[in-house]
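Enquirer: In our numbering, the protein residues as written are 1 to 116.
The C-beta atom is built at its ideal place from N, Cα and C for all residues, glycine as well.
Nothing here was measured: the structure is a model prediction, and the numbers come from that model.
Supplied in C-alpha cells, the structure appears directly below.
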Amino acid sequence: MSTLTFVYEDSTAVLGPLSRSSEPHAYDLCRDHATRLTAPRGWELLRVEGGSEATDDLVALADAVRPGRAADTAGPSSPRSAPQPQQAAAPRRTGGATSPDTAPGRHLHVLRSPHD
C-alpha cells in the first residue's frame with residue numbers, strides 16, 4: 001500500500017510509503033492502483049522507494065481481515081489449512097448477532113493515540 005500526496009506549489013504528485021497518520025489531503029492506495037497511477041497533465045509524478053513494499057502492523061492487520069484473504073494466506077502450520085475431523089452438526093443459534101466471519105461491512109479505522 002502507498003500514500004499519495006500533492007505538492008501544489010511544484011505541480012507534483014508524490015507516491016510514497018503508507019503514511020502512519022491520517023492527513024486531510026493524503027490518499028491511501030492499494031498496490032494495483034499505485035502501480036497504475038499517472039499524474040495529471042502538466043504535473044510530475046514522484047515515486048518514493050518503498051511505496052509498494054510497505055510492511056507494518058497496520059498493513060498486516062488489513063490483509064488479515066480483508067474478506068477472502070485469510071484462506072489464501074494461511075500457511076501450512078495454520079489451523080485453517082489443517083484437515084478438520086468430521087463433527088456432528090451443532091445446534092444453530094437464531095439470535096440477531098452475527099459472527100465476525102459473516103458480519104457485513106467490516107472496516108478498520110485509524111485511532112490516534114493520546115501522544116500524537
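Which one of P114, T3, E9 has the shortest CA to CA distance from G42?
Expert: Mapped onto the sequence shown, residue 42 falls at position 42. The shortest C-alpha separation from G42 is found at E9.
Enquirer: Alpha carbon to alpha carbon, how far is R20 from H33? Give it in angstroms, no decimals.
Expert: Start at 1 with the first residue of the sequence shown, and residue 33 comes out as number 33. Start at 1 with the first residue of the sequence shown, and residue 20 comes out as number 20. The alpha-carbon atoms of H33 and R20 are separated by roughly 19 Å.
Enquirer: Are the Cβ atoms of L37 and L4 separated by less than 8 Å?
Expert: Indexing the sequence shown from 1 puts residue 37 at position 37. Indexing the sequence shown from 1 puts residue 4 at position 4. In contact: L37 and L4 (Cβ atoms closer than 8 Å).
Enquirer: Using a Cβ-Cβ cut-off of 6 Å (strictly less than) and excluding sequence neighbours within five positions of E44, which residues of its own chain qualify?
Expert: Within the sequence shown, residue 44 is the residue found at index 44, counting from 1. Closer than 6 Å at the Cβ level, and outside the excluded window around E44, lie T12.
Enquirer: What do you get for V14, buried or exposed, if any count of 16 or more other CB atoms within 10 angstroms of its CB means buried?
Expert: Here residue 14 corresponds to residue number 14 of the sequence shown, with the count starting at 1. Answer is buried; the Cβ neighbour count reaches 16.
Enquirer: Thinking S2 and P24 are a contact (beta carbons under 8 Å), I'd like their distance in whole angstroms, please.
Expert: Here residue 2 is taken as the residue at index 2 of the sequence shown, counted from 1. Here residue 24 is taken as the residue at index 24 of the sequence shown, counted from 1. Actually they do not touch by this definition, with Cβ atoms about 18 Å apart.
Enquirer: What residue from P40, F6, T35, A39 has the CA that sits closest to G27's CA?
Expert: By 1-based counting over the sequence shown, the position of residue 27 is 27. In the sequence under discussion, the amino acid at residue 27 is Tyr, which differs from the Gly named in the question. Comparing Cα-Cα distances from Y27 to each of P40, F6, T35, A39, the minimum goes to F6.
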